[in-house]
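S.K.: As you go down the protein sequences, you meet chains P, G, W and E in turn.
One point on numbering: in my numbering, the residue at position 90 of the first sequence is 157, and numbering is uninterrupted.
One point on numbering: in my numbering, the residue at position 74 of the second sequence is 141, and numbering is uninterrupted.
One point on numbering: in my numbering, the residue at position 57 of the third sequence is 124, and numbering is uninterrupted.
One point on numbering: in my numbering, the residue at position 109 of the fourth sequence is 176, and numbering is uninterrupted.
No residue lacks a Cβ here, since even glycine has one placed at the ideal position from N, Cα and C.
Keep in mind the model is a prediction, meaning the values are calculated, not measured.
4 protein chains.
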Amino acid sequence: MTKILKNQLNDHFQELLNSSNEEELQVLSSLLKAYDDKKNNKYATYLSALTQIKTRFLENGDYEVLLPIQPLINNPLKMVHGGITATLLDTAMGSLINRVLPEEKAAVTAEMNVHYIKPGIGEILRCVAHLSHRGNSLCVAEAKVYDDNQKLIAMATGTFAIINRPQSQ
Amino acid sequence: MTKILKNQLNDHFQELLNSSNEEELQVLSSLLKAYDDKKNNKYATYLSALTQIKTRFLENGDYEVLLPIQPLINNPLKMVHGGITATLLDTAMGSLINRVLPEEKAAVTAEMNVHYIKPGIGEILRCVAHLSHRGNSLCVAEAKVYDDNQKLIAMATGTFAIINRPQSQ
Amino acid sequence: MTKILKNQLNDHFQELLNSSNEEELQVLSSLLKAYDDKKNNKYATYLSALTQIKTRFLENGDYEVLLPIQPLINNPLKMVHGGITATLLDTAMGSLINRVLPEEKAAVTAEMNVHYIKPGIGEILRCVAHLSHRGNSLCVAEAKVYDDNQKLIAMATGTFAIINRPQSQ
Amino acid sequence: MTKILKNQLNDHFQELLNSSNEEELQVLSSLLKAYDDKKNNKYATYLSALTQIKTRFLENGDYEVLLPIQPLINNPLKMVHGGITATLLDTAMGSLINRVLPEEKAAVTAEMNVHYIKPGIGEILRCVAHLSHRGNSLCVAEAKVYDDNQKLIAMATGTFAIINRPQSQ
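Spelled out as structure tokens, the structure:
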């Protein structure tokens, strides 16, 4: 049965490959890379693999997430899709909190408020998240997204519930 | 040059095909379908094609968006990724408003507030958006997401700025 | 010492009384009534006494708070002050949750999102709060404010943390 | 008719004066001061006069609002009422924007998101508002409230619609 599925997928892929123009092929390449990266655990989710985000702590304790802009994540107006921007902000705030919590705890988003300020265009969106309040049961974070010219693109605040980390996975 | 890219992509695809298990192949199939659907204008963005949402107006004027749950959109805890849920809510509210506006106008999200209430699990998430206020320069909408058992999964409100629709595209 | 304070207050009051026009006297009357009502425990806070809100459960389990519009709560544009509208929404949602919780628990507002839609003018603002989600540690509520003509004036959602009720008071 | 009202108010006042304890008299004093200050245009609204806020621009362009804590603005748990904190945040953000706009323009709150972090206790709450984005039709601001020990008490973001300033009144 897996064999049949593989044959079908290959047929579909050959057809898509033949009918694609160069811009579309770039997207197809992004999709295969995302699939590969998730498969090899370079990313924990397909969504983060699709966005190819890069994360790091800054020296002041804030948390930075870089998002390369590519056709795959754009809306029909050729700007970054608002859902992707929201994902970027949520990921930055949630990851920051999860990284400062003790190992047996996890943070889940209870609430997020996003302001969209300018279109997300250019090469890279840079998101910086800051931990505003660290409580025992609730944390509050804020995050801002900037474009290549350091212009503010979007900003958010979020409330995160601290729970006991589910076992395994 | 396109030829070289096609050969590279095909090599990468064959390699991925050979090394994938059945669950992974289902995701690969979803990725190819999304690419195909966007290519053929069944969806306006790759993100909506990836999520395979289905939309319709309800009789009372509300707007419904159905999102099939699939591994592609899950987080590591096998629940729908919060960024996808935010995208679903934003899409439902924004699409509703764009569909009730005159043709020369468009709505862009100025602000969105999302409450995450329960994990998104099961077969389908159903989002229903309602137009709370229709103004000349600002509209306000609200939306709720339910699971297969009609349990509330998430809810949002949004402020949308009404602009003159950009030409073409 | 209390005697001296009383004399000072009386002097101040007589001076204010003499210099007030009729519209101002109505406000002065409202202030004294609020002070009296809080003193006699008709209201739990000076702020609620100043606003003279009336509350009740509706048959469907929602919670209604009526706010009479008076000069005391207006902004310079002779509309209800946005801070009063926010207070009305917060009070309605928080009171609803506190009334459905067991006696040893209390709800405190963790986060509130308010949309201001139309000016609050007329005789009475009517706020209706609905419990969207009842969790063990977090509750989510939504509320809407209507004017005399049932037009939507404002709406809000809120996240409330459930805590053990502090002793006494 | 004004004479009769004055007599009634005076009777009521004397009765309240006689039956009040010292803590209550402090509140009565605050109420008279607020009434006086609004009457003499020291404050534009009764609500701001009741809260006795003090405002100023900081050197970096941010806007500071100081709120003295007094029994008049507390909730039954002897902390600053959440509605007052929301008013403080809204006032700080809205005043900041109104002060940077040209004279013929005004800002009205379209949406505000408030996070309550710690109880408002002590001598003074200090709110600092920052203009995050200045657009032609929408502005976005953020504000934080600190207690005497510079601990974060609450934070907010807001979306403000820019309108033509209504003529006089």
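(1) Helix, strand or coil for serine 96 (chain W)? Go by DSSP, reduced to three states.
(2) Pull the bridge partners of proline 135 (chain G) from the DSSP assignment, please.
(3) Would DSSP call alanine 111 (chain G) helix, strand or coil?
(4) Let me know if leucine 125 (chain E) comes out buried or exposed under the rule of 16 or more other beta-carbons within 10 Å of its beta-carbon.
(5) Check whether the region 125-136 of chain P and the region 106-116 of chain P are in contact - that is, three or more C-beta pairs closer than 8 angstroms.
(6) Is the beta carbon of leucine 76 (chain P) sitting closer than 8 angstroms to the one on leucine 95 (chain G)?
(7) Counting only beta-carbon separations shorter than 8 angstroms, does asparagine 180 (chain P) have a partner in chain W?
(8) So is histidine 200 (chain E) in contact with chain P if we call contact Cβ pairs under 8 angstroms?
(9) How would you list, in chain order, the residues of chain P whose beta-carbon sits under 7 angstroms from the beta-carbon of threonine 226 (chain W)?
(10) Mind checking who glycine 202 (chain P) pairs with in its DSSP beta bridge?
(11) Can you pull the chain G residues whose beta carbon is under 8 angstroms from the beta carbon of methionine 146 (chain W), in chain order?
(12) Can you check whether the C-beta of serine 96 (chain P) is within less than 8 angstroms of a C-beta belonging to chain W?
(13) Give me the residue from G:Gly149, G:Asn180, G:Leu84 and G:Gln119 with the minimum Cα distance to isoleucine 137 (chain G).
(14) Could you tell me the boundaries of the alpha helix (DSSP H) in which methionine 146 (chain W) lies?
(15) Could you have a look at leucine 125 (chain G) and say whether DSSP puts it in helix, strand or coil?
(16) Using the beta-carbon of each residue, which ones in chain G are nearer than 7 angstroms to isoleucine 184 (chain W)?
(17) State yes or no: is the beta carbon of serine 115 (chain W) nearer than 8 angstroms to at least one beta carbon in chain P?
(18) Report yes or no: is there a C-beta of chain P within less than 8 angstroms of the C-beta of glutamate 89 (chain G)?
(19) Compare the Cα-Cα distances from histidine 200 (chain G) to each of E:Cys206, E:Val207, E:Leu205 and E:Ala177 and report the closest residue.
(20) With a CB to CB cut of under 7 angstroms and the five nearest residues on each side skipped, what residues in its chain are close to leucine 133 (chain P)?
(21) List, in chain order, every chain B residue whose beta-carbon is nearer than 7 angstroms to that of serine 162 (chain P).
(22) Let me know if isoleucine 71 (chain G) comes out buried or exposed under the rule of 16 or more other beta-carbons within 10 Å of its beta-carbon.
(23) Grab the span of the beta strand (DSSP E) containing lysine 237 (chain E) for me, first residue to last.
(24) Interface residues of chain P around tyrosine 102 (chain G) at Cβ under 9 angstroms?
(25) Indicate whether the contact test is met: 3 or more Cβ pairs, each with one atom in the region 85-101 of chain E and one in the region 208-227 of chain W, closer than 8 angstroms.
(26) Straight-line CA distance for glutamine 81 (chain G) to glutamine 81 (chain P)?
(27) Considering Cα atoms alone, identify which of G:Thr152, G:Arg232 and G:Phe227 is closest to cysteine 206 (chain G).
(28) Name the chain P residues that come within less than 7 angstroms of isoleucine 151 (chain G), Cβ to Cβ?
(29) Which partner residues of lysine 211 (chain E) appear in the DSSP bridge assignment?
M.R.: With the structure as the only source:
(1) It is helical.
(2) The secondary-structure analysis by DSSP pairs proline 135 (chain G) across a beta bridge with G:Ile191.
(3) Correct three-state label for alanine 111 (chain G): coil.
(4) By the C-beta density criterion, leucine 125 (chain E) is exposed, having fewer than 16 other C-beta atoms within 10 angstroms.
(5) No, because fewer than three Cβ pairs between the region 125-136 of chain P and the region 106-116 of chain P fall closer than 8 angstroms, the two stretches do not touch.
(6) The Cβ atoms of leucine 76 (chain P) and leucine 95 (chain G) lie closer than 8 angstroms to each other.
(7) At least one CB atom of chain W sits nearer than 8 angstroms to the CB of asparagine 180 (chain P).
(8) It does: the Cβ of histidine 200 (chain E) has a partner Cβ on chain P nearer than 8 angstroms.
(9) Within 7 angstroms of the CB of threonine 226 (chain W), the CB atoms of chain P belong to Ala177, Glu178 and Thr226, in sequence order along the chain.
(10) Per the DSSP secondary-structure output, glycine 202 (chain P) pairs with nothing in a beta bridge.
(11) Using a Cβ-Cβ cut-off of 8 angstroms, methionine 146 (chain W) is close to nothing in chain G; its nearest Cβ partner there is about 16 angstroms away.
(12) Chain W, which has no Cβ nearer than 8 angstroms to the Cβ of serine 96 (chain P), makes this no.
(13) A small fix is needed here, since residue 137 (chain G) is glutamine in this sequence, not isoleucine. Considering only alpha carbons, the answer is G:Gln119.
(14) Neither: methionine 146 (chain W) is in no alpha helix (DSSP H) and is coded neither H nor E.
(15) Leucine 125 (chain G): coil per DSSP, three-state reduction.
(16) Residues of chain G passing the Cβ test: His200 and Val207.
(17) Put simply, the CB of serine 115 (chain W) is far from chain P, with every gap to its CB atoms at 8 angstroms or more.
(18) Yes - at least one Cβ of chain P is within 8 angstroms of the one on glutamate 89 (chain G).
(19) Scanning E:Cys206, E:Val207, E:Leu205 and E:Ala177 for the CA closest to the CA of histidine 200 (chain G) turns up E:Ala177.
(20) Exclusion of the five residues before and after leucine 133 (chain P) leaves Ile120, Lys121, Ile191 and Arg193 as the residues of its chain whose Cβ lies within less than 7 angstroms of its Cβ.
(21) The question asks about chain B, but that chain is absent: this structure's protein chains are P, G, W and E.
(22) Around the Cβ of isoleucine 71 (chain G), a 10 Å sphere holds fewer than 16 other Cβ atoms; the residue is exposed.
(23) For residue 237 (chain E) there is no data in the structure shown, the boundaries of chain E being 68 and 236.
(24) The contacting residues are Leu83, Ser87, Glu91, Val94, Leu95 and Leu98.
(25) Because the criterion of three Cβ pairs below 8 angstroms is not met, the region 85-101 of chain E and the region 208-227 of chain W do not touch.
(26) Spanning the two alpha carbons is a distance of roughly 11 angstroms.
(27) When C-alpha distances from cysteine 206 (chain G) are compared across G:Thr152, G:Arg232 and G:Phe227, the shortest belongs to G:Phe227.
(28) Going along chain P in sequence order, the residues near isoleucine 151 (chain G) (Cβ under 7 angstroms) are Leu114.
(29) Beta bridge pairing from DSSP links lysine 211 (chain E) with E:Val195 and E:Met222.
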